[in-house]
Amino acid sequence: MRRIRSLCLPVFVGIAGVGILIVQTAFSREDVVEAEQEKIARLPAPKLQGAMSLEEAIKKRRCVRKFKDKPLALEQLSQLLWAANGVTGRDVRFRAAPSAGALHPLDFYAVVGKDSVPGLDAGVWHYNPEEHTISLGAKGDLRDALKDVSLKQRQIARAEVVIVVTVEYERTTVKYGNRGKRYALLDAGFAAENLFLQVQTLDLASCVIGAFKDADVSRLLKLPEKHRPILIMTIGHAE
Ligand SMILES: Cc1cc2nc3c(=O)[nH]c(=O)nc-3n(C[C@H](O)[C@H](O)[C@H](O)COP(=O)(O)O)c2cc1C
Numbered sequence: 001m002r003r004i005r006s007l008c009l010p011v012f013v014g015i016a017g018v019g020i021l022i023v024q025t026a027f028s029r030e031d032v033v034e035a036e037q038e039k040i041a042r043l044p045a046p047k048l049q050g051a052m053s054l055e056e057a058i059k060k061r062r063c064v065r066k067f068k069d070k071p072l073a074l075e076q077l078s079q080l081l082w083a084a085n086g087v088t089g090r091d092v093r094f095r096a097a098p099s100a101g102a103l104h105p106l107d108f109y110a111v112v113g114k115d116s117v118p119g120l121d122a123g124v125w126h127y128n129p130e131e132h133t134i135s136l137g138a139k140g141d142l143r144d145a146l147k148d149v150s151l152k153q154r155q156i157a158r159a160e161v162v163i164v165v166t167v168e169y170e171r172t173t174v175k176y177g178n179r180g181k182r183y184a185l186l187d188a189g190f191a192a193e194n195l196f197l198q199v200q201t202l203d204l205a206s207c208v209i210g211a212f213k214d215a216d217v218s219r220l221l222k223l224p225e226k227h228r229p230i231l232i233m234t235i236g237h238a239e
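So for the sequence shown, the working numbering puts the first residue at 1; every next one is plus one.
Listed below in structure tokens is the structure:
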């Protein structure tokens with residue numbers, strides 16, 4: 001009897017172990033499927049030293065609206081997204097640009113054209129600062145259609161990559177009430193200027209675009225309802 005009892009425990013532990021393993025496998029399989037469905041690209045680590053001084057970048061910064069037909073490297077896109085919204089501090093609250101209450105209401109979407117960034121499909125890539133990855137949402141080269149809903153500004157169709165900045169006001173207004181809207185827009189200004197200056201240091205060119213139809217941009221890019229587009233930046237090589 002004692003022998004049977006002493007056998008029971010290891011058998012029970014064994015069965016429980018196999019059960020846990022089966023459940024775990026089922027969950028990890030789901031994660032993999034989700035990851036596959038979402039198409040995620042890991043970005044190269046940002047460089048912390050550049051060829052141009054901050055002063056020179058400030059002096060050189062100009063809106064450029066004509067671009068060459070020349071792709072951007074993934075390293076360049078990575079550097080730009082990091083400069084705008086990358087994590088630079090001890091946790092995800094501390095980023096390249098300041099944010100009221102460290103609440104970070106902004107999201108960055110890179111609208112990538114066909115053959116614009118070798119290795120990336122054409123489509124709308126959402127930046128995840130915490131992981132320094134981008135994930136593909138709407139598919140296809142949407143630059144021309146984005147131009148059409150932005151007062152037909154041709155620079156949008158000509159840029160290799162178009163960055164769309166969105167704001168989720170609720171992340172800031174939950175703490176600051178109505179004033180949070182002002183803070184969220186100020187956050188966007190800080191981040192956009194970081195991006196613009198990083199553009200200069202990479203010998204690229206950019207322009208800021210505020211004239212577009214918000215609802216049409218949201219629909220075209222299939223943005224989440226709460227991510228309201230507030231600013232567009234074209235990126236490419238100056239003609
Ligand atoms: C909030 C904002 C919205 C803008 N919207 C547009 C726009 O829709 N189209 C455009 O061609 N330029 C736009 N610009 C760029 C300005 O026209 C440009 O910054 C200005 O002419 C000064 O030139 P600079 O940036 O080369 O110094 C915008 C700039 C800002 C800051």
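Positions of the beta carbon are idealized from the N, C-alpha and C atoms, including for glycine.
Remember, it's a predicted structure, so these values are computed and weren't measured experimentally.
Proximal residues to residue i (C-beta, below 6 angstroms), its chain only, five neighbours per side dropped
{"i": "Trp82", "result": "Pro46"}
{"i": "Leu151", "result": "Ala211"}
Cα-Cα separation between residue i and residue j, rounded to whole angstroms
{"i": "Asp187", "j": "Lys114", "result": "31 angstroms"}
{"i": "Ser53", "j": "Asp69", "result": "27 angstroms"}
{"i": "Ala138", "j": "Ala110", "result": "11 angstroms"}
{"i": "Asp170", "j": "Ser218", "result": "The amino acid at residue 170 is misidentified as Asp; the sequence shows Glu. So the alpha carbons of these two residues sit roughly 17 angstroms apart."}
Buried versus exposed call for residue i [16 or more other C-beta atoms within 10 Å across all chains shown]
{"i": "Glu160", "result": "buried"}
{"i": "Asn194", "result": "buried"}
{"i": "Gly89", "result": "exposed"}
{"i": "Val174", "result": "exposed"}
{"i": "Gly140", "result": "exposed"}
{"i": "Gln49", "result": "exposed"}
Residues near residue i in its chain [Cβ-Cβ closer than 8 angstroms; skip 5 each side]
{"i": "Tyr176", "result": "Ala100, Gly101 and Tyr183"}
{"i": "Lys39", "result": "Asp121, Ser135 and Leu136"}
Beta-carbon contacts of residue i that lie in its chain and below 7 angstroms, excluding the five residues immediately before and after
{"i": "Ala145", "result": "Leu220"}
{"i": "Asn85", "result": "Arg95, Ala96, Ala97, Leu106, Phe108, Tyr127, Pro129 and Ala191"}
{"i": "His227", "result": "Asp107, Thr166 and Glu168"}
{"i": "Arg154", "result": "Lys147"}
{"i": "Val112", "result": "Leu120, Ala122, Gly123, Trp125 and Val161"}
{"i": "Gln79", "result": "Pro46, Lys47, Gln198 and Leu202"}
Candidates the options: closest to residue i by CA position
{"i": "Val124", "options": "Val165, Val92, Leu151 and Phe94", "result": "Val165"}
{"i": "Glu131", "options": "Leu223, Pro229 and Val92", "result": "Val92"}
{"i": "Asp216", "options": "Asp141, Gln79, Gly140 and Pro229", "result": "Pro229"}
{"i": "Val149", "options": "Asn178, Gly189 and Ile209", "result": "Ile209"}
Proximity test, Cβ basis, 8 angstroms: residue i and chain D
{"i": "Lys59", "result": "Given the protein chain composition of this structure (a single chain), no chain D is represented."}
Under 8 angstroms between C-beta atoms of residue i and residue j
{"i": "Val117", "j": "Thr234", "result": "no"}
{"i": "Ala205", "j": "His237", "result": "yes"}
{"i": "Leu74", "j": "Pro44", "result": "yes"}
{"i": "Thr201", "j": "Ala51", "result": "yes"}
{"i": "Leu197", "j": "Arg61", "result": "yes"}
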